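One structure below.
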Amino acid sequence: MAPKLPPSADATALRAPASAFELFTAFAWISLRSFGGALAFVERTVVRDKRWLSAEDFLGVYAIGQVLPGPTGMSFCVLLGDRFFGLRGALAALGGFLLIPGALVLAIASLFQQFQHLPQVQGALHGMGAASVGLIIITALRMARTLRGQRVGIAVALLAFAAVALARLPVSTVVLTLGVASVAWAWRVAR
Amino acid sequence: MSGAELGALFLHFLSISVFATGGALALASDMHRYVVDEHAYISHTQFVNSIALAQAAPGPNILFVTVMGWQIAGIQGALATTVGLSLPALVFPMLVSRLGRMAQFDRLLQALKRGLGPVAMGLMASTCFLLLRDAPGVWKGAAISAVTLALLAATRIPPVLLIVAFGALGALIDW
């Protein structure tokens, strides 16, 4: 599915954001409510509340965001903002997604730093860090489940792991060699 | 931090962002190599702290790069890492929108998704490996990681609640 789609069948129910500012506030609100995975909030706001995209278009735009270079959430903001207001809309959506939450997380970080001499604060950071590691591992395990039964995919994942974690190769080298080969293979088998 | 170092930091985050397939956390092992192992701008503990703080705070997890940059060089550092990571996400979608519907766009999309998915998986596993390998050998930390993992696998508790709860527990216990 390409971006800039023609209006879909249920276009009567869809609407465009009133202004780039509405994009900014909508994405700031999505971003502030999301602790970690923003996808569920993005879908609820963009499809159900605001009616900017149909459910089908949403999946299409999201899929494009996933495969484009750059983090998925940010790519999605830009694709959506650009669709309605060009560069101005893209910047508004991306700014909404990052600015206020970014300022907030820095405020929290500087608070922690100010009191870092306290053993309790050190302890809290240790506890949070350890819990984060558990969260990251479960995310990886869930990703791994999608590879079940895909022999080539499993081999590629193992090679990527060996190259980055064990051989300490830069990510760029791995994506440019293994990634390109893997995409070429998937292109050949895709019909 | 000198201007040249700041520029290099920006360029490094810019270049790895191009290779973000499936979340910025997959890139964490590469960021670690640059900011902890090679340049020693921050310690491993600070690195993990930036991930933990971003996950506990409202907002996308990706903001761990903002905290990381801030720990390296204040606001300038935060801008260098964050803008570096964001630029490809601004440029490529704009380009794709303007290229319009190319022939076999769907097939390319499928191929990119299916081909890059396993690479992202391998990168994510590398991040896990690194976080475990360099974790300070404290059994309490390992226990918290394991309990978090088990609770997330078995229940539908929101992850942020666990991070905040274990932060509170961490403040109370004697490490």
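Chain order of the listed sequences is H and P.
Numbering of the first sequence is given in my numbering, commencing with residue 54 and proceeding in unit increments.
Numbering of the second sequence is given in my numbering, commencing with residue 34 and proceeding in unit increments.
Idealized CB from N, CA, C, for every residue including glycine.
If you're wondering where the values come from, they're calculated on a predicted model, not measured in any experiment.
(message) Counting only Cβ pairs nearer than 8 Å, list the residues of chain H close to Leu123 (chain P).
(response) Numbered from its first residue, the second sequence carries residue 123 (chain P) at position 90. What Leu123 (chain P) touches in chain H: Gly123, Met127, Val131, Ala143, Leu144 and Leu147.
(request) Determine which residues of the region 81-113 of chain P have a Cβ less than 7 Å from any Cβ of chain H, and write them out in chain order. (result) Val81, Asn82, Ile84, Ala85, Leu86, Ala87, Gln88, Ala89, Ala90, Pro91, Gly92, Pro93, Asn94, Ile95, Leu96, Thr99, Val100, Trp103 and Ala111
(request) Would you kindly work out how many angstroms separate the C-alpha atoms of Gly56 (chain P) and Ile75 (chain P), rounded to a whole number? (result) Looking up residue 56 (chain P) in the second sequence gives position 23. Looking up residue 75 (chain P) in the second sequence gives position 42. Spanning the two alpha carbons is a distance of roughly 22 Å.
(request) Name, please, each residue of chain P whose Cβ falls closer than 9 Å to the Cβ of Trp238 (chain H). (result) For the purposes of this step, residue 238 (chain H) is taken as the residue at position 185 of the first sequence. Those within 9 Å of Trp238 (chain H) in chain P are Ala144, Arg147 and Gly148.
(message) By alpha-carbon positions, which one of H:Arg195, H:Glu75 and H:Ser225 ends up nearest to Leu185 (chain P)?
(response) If you number the second sequence from 1, residue 185 (chain P) lands on position 152. Of H:Arg195, H:Glu75 and H:Ser225, the residue nearest in Cα terms is H:Arg195.
(request) Note down, in chain order, every chain P residue with its Cβ under 8 Å from the Cβ of Val120 (chain H). (result) One-based indexing of the first sequence puts residue 120 (chain H) at position 67. Correct list: Thr54, Leu142, Leu145, Lys146 and Leu149.
(request) Round the Cβ separation of Leu145 (chain P) and Val120 (chain H) to the nearest angstrom and send it over; I've been treating them as touching at under 8 Å. (result) Counting from 1 along the second sequence, the entry for residue 145 (chain P) is found at position 112. Counting from 1 along the first sequence, the entry for residue 120 (chain H) is found at position 67. Their Cβ separation, rounded to whole angstroms, is 4 Å, which keeps Leu145 (chain P) and Val120 (chain H) in contact under 8 Å.
(message) Please report whether the beta-carbon of Leu44 (chain P) lies at a distance below 8 Å from any beta-carbon of chain H.
(response) Along the second sequence, read from residue 1 onward, the residue named residue 44 (chain P) stands at position 11. No, its Cβ sits nowhere closer than 8 Å to a Cβ of chain H.
(request) Mind checking which residues open and close the alpha helix (DSSP H) that includes Leu212 (chain H)? (result) The sequence position of residue 212 (chain H) within the first sequence is 159, counting from 1. From DSSP, the alpha helix (DSSP H) with Leu212 (chain H) extends over Arg204 to Phe214.
(request) Please check if any C-beta of chain P sits within less than 8 Å of the C-beta of Ala55 (chain H). (result) Here residue 55 (chain H) refers to the residue found at position 2 of the first sequence. In this prediction, Ala55 (chain H) has a pLDDT of 46, which is less than 50 and means its spatial position is unreliable; what the coordinates show is noted afterwards. With 8 Å as the cut-off, Ala55 (chain H) counts as an interface residue toward chain P.
(request) Quick one: grab the DSSP three-state call for Gly92 (chain P). (result) For the purposes of this step, residue 92 (chain P) is taken as residue 59 along the second sequence, with counting starting at 1. Gly92 (chain P): strand per DSSP, three-state reduction.
(request) Identify which residue in H:Ser107, H:Thr125, H:Ile153 and H:Ala160 has its Cα closest to the Cα of Leu92 (chain H). (result) Position 39 of the first sequence, counted from the first residue, corresponds to residue 92 (chain H). Residue H:Thr125 is the option with its Cα nearest to Leu92 (chain H).
(message) Quick check on DSSP: helix, strand or coil for Thr54 (chain P)?
(response) For the purposes of this step, residue 54 (chain P) is taken as the residue at position 21 of the second sequence. DSSP places Thr54 (chain P) in coil when its eight states are reduced to three.
(message) Just to confirm before moving on: does the CB-CB distance between Thr181 (chain P) and Ala184 (chain H) stay below 8 Å?
(response) Taking the first residue of the second sequence as 1, we reach residue 181 (chain P) at position 148. Taking the first residue of the first sequence as 1, we reach residue 184 (chain H) at position 131. Yes. Within cutoff.
(request) Could you tell me whether the Cβ of Gly215 (chain P) comes closer than 8 Å to any Cβ of chain H? (result) Summary: the structure shown does not reach residue 215 (chain P), with chain P confined to residues 34 through 208, and so no result is reported for it.
(request) Going by CA-CA distance only, name the one from H:Pro154, H:Ser128 and H:Leu159 that's closest to Leu128 (chain P). (result) As a working mapping, residue 128 (chain P) is identified with position 95 in the second sequence. When each option's Cα is compared against that of Leu128 (chain P), the closest is H:Ser128.
(message) Taking 8 Å as the threshold (C-beta atoms), are Val193 (chain P) and Gln88 (chain P) in contact?
(response) Your numbering for residue 88 (chain P) matches position 55 in the second sequence. Your numbering for residue 193 (chain P) matches position 160 in the second sequence. Yes, the Cβ-Cβ distance between Gln88 (chain P) and Val193 (chain P) is below 8 Å.
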